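Sequence lines, in order, name chains C and D.
Heads up: take any position in the first sequence, counting from 1, add 54, and you land on the working numbering.
Heads up: take any position in the second sequence, counting from 1, add 54, and you land on the working numbering.
Number of protein chains: 2
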Amino acid sequence: MSDYRIIEVKQDVLADNDRAAEALRRELKDQKTFLLNLMSSPGAGKTTTLVRTIMDLKDRVRMGVMEADIDSDVDARTIANAGAKAIQLHTGGMCHLDAAMTRQGLMEFGAADMDLVILENVGNLVCPAEFDTGAVKNAMILSVPEGDDKPLKYPLMFEICDAVLINKCDTLSVFDDFSRERVVQNIRLRNPRCEIIFLSAKTGEGFQAWEDWLMAQVTAHNGKEA
Amino acid sequence: MSDYRIIEVKQDVLADNDRAAEALRRELKDQKTFLLNLMSSPGAGKTTTLVRTIMDLKDRVRMGVMEADIDSDVDARTIANAGAKAIQLHTGGMCHLDAAMTRQGLMEFGAADMDLVILENVGNLVCPAEFDTGAVKNAMILSVPEGDDKPLKYPLMFEICDAVLINKCDTLSVFDDFSRERVVQNIRLRNPRCEIIFLSAKTGEGFQAWEDWLMAQVTAHNGKEA
């Protein structure tokens, strides 16, 4: 019985959220701000990836990062130190961000003047996949130590992403049961079209491809060269 | 507004769940079955840790493993191959198990004849911490590649655990920004009493301590030498 009630509420909430997300996406299009929703497991390297991305792109685009966290400001401090505008959203125990929370964050952030905002979602492969944040595109980071079978276990996350970044590739020799070929096969079972980029936020391997992809999305959305 | 509604429902559901969990714990006490709820991020090594634990303990206790997964049977097959009774619970997209789902799994499993059942919860550091499964004790695995700051970011998970296993310690030389001292400090901020065990499911380091802890819990709960 408690199952039944959870599901009913969830569908109602999800339908409301989908409408709010579509409305937010229309506004972002009008104001020429590209919003990327970045997801991963805890510890896959979202913040480290963002720090390197900021270093490389901060002189080319006006960018900001919204950090979602249950209860800390570790990441926002790191991002601000890297030289991007940063804001920390405390979710108060919530396991994901929805479109309303994202809109609130963007407003407080003053995102209308920015070309690119990256939303670092709560570290979680389940719930964030279910709630459309209103972002223009979704990306996720799978790190090598997590294993190449994760697309089989967290299918929705891989289905909804426009780009999948395989991080910590510098550790492939240590995690020798992780196969590049097998992870691509497993991702393709869920998503035949997404961009798949192997990288290492530690060494910088693959960052050219990732940043090229990201900047192409920004330009296409905002309708101008960044 | 959608925030408000989510929270109200959640509290209602959580209160119902807490009652169901207490009832399940009383039954487990009566039938002398020790249930451990094992949690972690995706890819922290729950299944690999369990395989080694089964190999070591299967001749000493009647044990079984309930695998919770959104949509796959990868883990149940692995566990069955290791020689323990296994059952796969498909959560149908749910990000956690609650007490009702756990009870259902135990019934279908025929757990009354077992001394020890380990529930491998959905890979997620957020939601499973909020829903009491009815287990006698909670344990979680934090793996070295995830970083030593995770207790700061996922406080509730660390608060509710009776044991924290630090896995993949064989990779400490690769992940040299992970500090044993710092992770212990961060865990202690959340939980002054839990058992903290450093181990490697790959090399077997630390398994004696982990299995000693586990068997002591089983004996204390079931009221007999296993």
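Note that beta-carbon positions come from the ideal geometry of N, C-alpha and C, so glycine has one too.
Keep in mind that this is a model prediction, so the values were computed, not measured.
Alpha-carbon spacing of residue i relative to residue j, whole angstroms
i	j	result
D:L9	D:R157	Residue 9 of chain D cannot be examined here, being either before or after the span of chain D that is shown, 55 to 280.
D:M55	D:D113	Bear in mind that the predicted position of D:M55 carries a pLDDT of just 29, short of 50, making it unreliable; the figure below should be weighed with that in mind. So the two alpha carbons sit approximately 55 Å from each other.
C:L151	D:K278	47 Å
C:G260	C:L111	15 Å
D:I241	D:P205	6 Å
C:F5	C:L210	One cannot answer for residue 5 of chain C here, as it falls past the ends of chain C, which runs 55 to 280.
C:F88	C:N276	7 Å
C:M168	C:L219	24 Å
C:P96	C:N178	6 Å
D:N135	C:I124	38 Å
C:R131	C:H144	14 Å
D:I60	C:V180	Low per-residue confidence applies at D:I60: pLDDT is 31, beneath 50, and the placement is therefore not dependable, though the value from the model is reported in the following sentence. If I take the Cα positions, the gap works out to 17 Å.
D:S227	C:K83	46 Å
C:Q239	C:Y208	15 Å
C:A270	C:A77	23 Å
D:C100	D:L268	First, the residue type needs correcting, since residue 100 of chain D is Lys and not Cys in the sequence shown. C-alpha separation (whole angstroms): 15 Å.
C:L243	D:M155	29 Å
D:R236	D:D202	7 Å
D:D57	C:G188	The predicted model places D:D57 with a pLDDT of 28, which falls under 50 and marks its position as unreliable; any figure quoted below should be read in that light. Roughly 16 Å between the two C-alpha positions.
D:L173	D:F212	17 Å
D:M117	D:R247	27 Å
D:D231	C:V128	15 Å
C:A274	C:G258	25 Å
C:R80	C:K86	10 Å
D:V171	D:M109	15 Å
C:N245	D:A166	42 Å
C:E265	C:V115	12 Å
C:S94	D:S233	23 Å
D:L104	C:V272	45 Å
C:D161	D:M148	The residue asked about is misnamed: residue 161 of chain C is Met in this sequence, not Asp. Rounded to whole angstroms, C:M161 to D:M148 spans 31 Å at the Cα level.
D:V190	C:I250	42 Å
C:T225	D:S126	27 Å
C:V63	C:G146	Any reading at C:V63 needs caution, since the residue's pLDDT is 42, under 50, leaving its predicted position unreliable; the model's value is listed next. So the two alpha carbons sit approximately 20 Å from each other.
D:G159	D:T102	22 Å
D:I133	C:A122	35 Å
C:I195	D:I195	20 Å
C:Q142	D:E200	21 Å
C:F229	D:F229	12 Å
One or two residues paired with residue i in a DSSP bridge
i	result
D:K191	D:L90
C:I172	C:L90, C:V119
C:L143	C:A122
D:L160	DSSP, once it has assigned bridges, lists no residue as partnering D:L160.
C:L196	C:I220
Supposed contact pair residue j and residue i - C-beta distance, whole angstroms, cut 8 Å
i	j	result
D:F163	D:M120	6 Å
D:K183	D:A217	Contrary to the premise, residue 183 of chain D reads as Ala rather than Lys in this sequence. Contact doesn't hold; Cβ gap of about 14 Å is too wide.
C:A74	C:A140	Not confirmed; about 24 Å, so no contact.
D:V198	D:C223	6 Å
C:N71	C:N175	Rounded, the Cβ-Cβ distance is 14 Å, inconsistent with contact.
C:A263	C:R106	Their Cβ separation, rounded to whole angstroms, is 13 Å, which puts C:A263 and C:R106 out of contact at 8 Å.
D:N221	D:A138	Incorrect: roughly 19 Å between the Cβ atoms, too far for contact.
The ligand GDP heavy atom lying under 7 Å from the CB of residue i
i	result
C:T156	No copy of the ligand GDP occurs in the structure displayed, which carries no ligand at all.
request  = Would you mind listing the beta strand (DSSP E) stretches within the stretch 90-140 of chain C that are 3+ residues and don't spill past its ends, in chain order?
outcome  = Entirely contained in the stretch 90-140 of chain C, the beta strand (DSSP E) runs reaching 3 residues are, in chain order, 117-123.
key: Residues from the stretch 148-172 of chain C in contact with chain D, defined by Cβ distance under 8 Å   = Cβ proximity to chain D below 8 Å picks out M148, C149, D152, A154, M155 from the stretch 148-172 of chain C.
message = Please list, in chain order, the residues of the stretch 86-108 of chain D that have any C-beta partner in chain C closer than 7 Å.
response = Correct list: S95, P96, G97.
inquiry  = Any C-beta of chain C within less than 9 Å: which residues of the stretch 185-212 of chain D qualify?
reply    = Within the stretch 185-212 of chain D, the qualifying residues are L196, S197, V198, P199, E200, G201, D203, K204, L206, K207, Y208, P209, L210.
query = Enumerated in chain order, which unbroken segments of the alpha helix (DSSP H) with a length of 4 residues or greater are wholly contained in the stretch 204-269 of chain D?
reply = DSSP runs (the alpha helix (DSSP H)) wholly in the stretch 204-269 of chain D: 204-207, 209-213, 234-244.
Residues, ordered as in the chain, of the stretch 255-269 of chain D that lie near chain C by beta-carbon distance below 7 Å = Against chain C - using a Cβ distance shorter than 7 Å - the stretch 255-269 of chain D contributes no residues.
ask   = Taking a cut of 9 Å between CB atoms, which residues from the stretch 107-134 of chain C lie near chain D?
value = Taking 9 Å as the cut-off between beta carbons, the residues of the stretch 107-134 of chain C near chain D are D123, I124, D125, S126, V128, D129, in sequence order.
task = Note down, in chain order, all residues in the stretch 172-183 of chain D with a beta-carbon under 8 Å from any beta-carbon belonging to chain C.
result = Of all residues in the stretch 172-183 of chain D, V176, G177, N178, L179, V180, C181 have a Cβ within less than 8 Å of some Cβ in chain C.
task = Residues of the stretch 224-246 of chain C with a CB closer than 7 Å to any CB of chain D: list them in chain order, please.
result = From the stretch 224-246 of chain C, only T225, V228 have a Cβ closer than 7 Å to chain D.
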